[in-house]
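Trainee: Before I ask anything, let me first share the structure, which is written out below as structure tokens.
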Amino acid sequence: MTAGFGVPALCAVGALIAAAGVAAMALPGRPEPWPVHLLRRAAAMAACAAASVYSLGFFAVLMADVAVGDGANSVPGPVCQDGFDEDTVRGLSHGRASYLPLGYDCVRDDGTAYSSSPDYVWMNWATSALALCAVVLVVGAGHVAQARARRAGETV
């Protein structure tokens, strides 16, 4: 249970440290070549933020999966029963956990399913967007470094 809170918190702290590094690029005395450093630090920040959001959702799905069969009225799982009306819950047979993409679906006897929480949608989109930003920033840093090296070779 502690890991469910510790990992996202650790990733969030990493994102804050990387954000401070990005903000430090505006101060005098920044390292040269600063565009490469800025892009790398922003990529680290985006990667840490993506890891934080994903781990938050990962542990939410894991806890929903672990809660199945743990006590009275726990099959198909409390997340499939709590907060839903009787018509929705009627005929539940089991739950289905998915870690990539994040989600926990509640399955009825007739094969239809519904999501246990709409929060998984934003977690999946945020993780994907932040990971894509990190990749684009790393590629951008590589191109900036390559262009700088090419310019330095032409002027010599």
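Just so we're aligned, residue 13 is where the sequence shown starts under my numbering, counting upward by one. Don't be surprised by glycine CBs; every beta carbon is placed ideally from N, CA and C. Fair warning: this is a prediction, and the values are worked out from it, not measured in the lab.
Determine whether the beta carbon atoms of Ala21 and Cys60 lie at a separation below 8 Å.
Mentor: Cβ atoms of Ala21 and Cys60: not closer than 8 Å.
Trainee: Could you tell me if Pro88 is buried or exposed, where buried requires 16 or more neighbouring beta carbons within 10 angstroms of its beta carbon?
Mentor: With 16 or more Cβ atoms within 10 Å of its Cβ, Pro88 is classed as buried.
Trainee: Hey, Leu51 and Val156 are a contact pair by Cβ (cut 8 Å); roughly how many whole angstroms apart?
Mentor: Yes, Leu51 and Val156 are in contact; Cβ-Cβ is about 6 Å, under 8 Å.
Trainee: Would DSSP call Asp99 helix, strand or coil?
Mentor: In this structure, Asp99 counts as helix in the three-state DSSP scheme.
Trainee: Given a threshold of 16 other Cβ atoms within 10 Å of its Cβ, counted over all protein chains shown, does Val168 qualify as buried or as exposed?
Mentor: Its pLDDT being 47, under 50, Val168 is placed unreliably in this model, and the value from its coordinates should be taken loosely. Looking at its Cβ environment, which holds fewer than 16 other Cβ atoms inside 10 Å, Val168 is exposed.
Trainee: Taking C-alpha atoms, which residue in Phe70, Pro45, Ala24 lies nearest to Asp131?
Mentor: The option with the nearest alpha carbon to Asp131 is Phe70.
Trainee: Quick check on this structure: which residue in Leu149, Ala164, Arg162 has the alpha carbon closest to the alpha carbon of Pro47?
Mentor: The residue with the shortest Cα to Cα distance from Pro47 is Leu149.
Trainee: Can you have a look at Thr139 and say buried or exposed, based on whether 16 or more other CB atoms are within 10 angstroms of its CB?
Mentor: It is buried - the Cβ of Thr139 has at least 16 other Cβ atoms within 10 Å.
Trainee: How would you label Val65, buried or exposed, when you count the other beta carbons within 10 angstroms and need 16 or more for buried?
Mentor: Burial call: buried.
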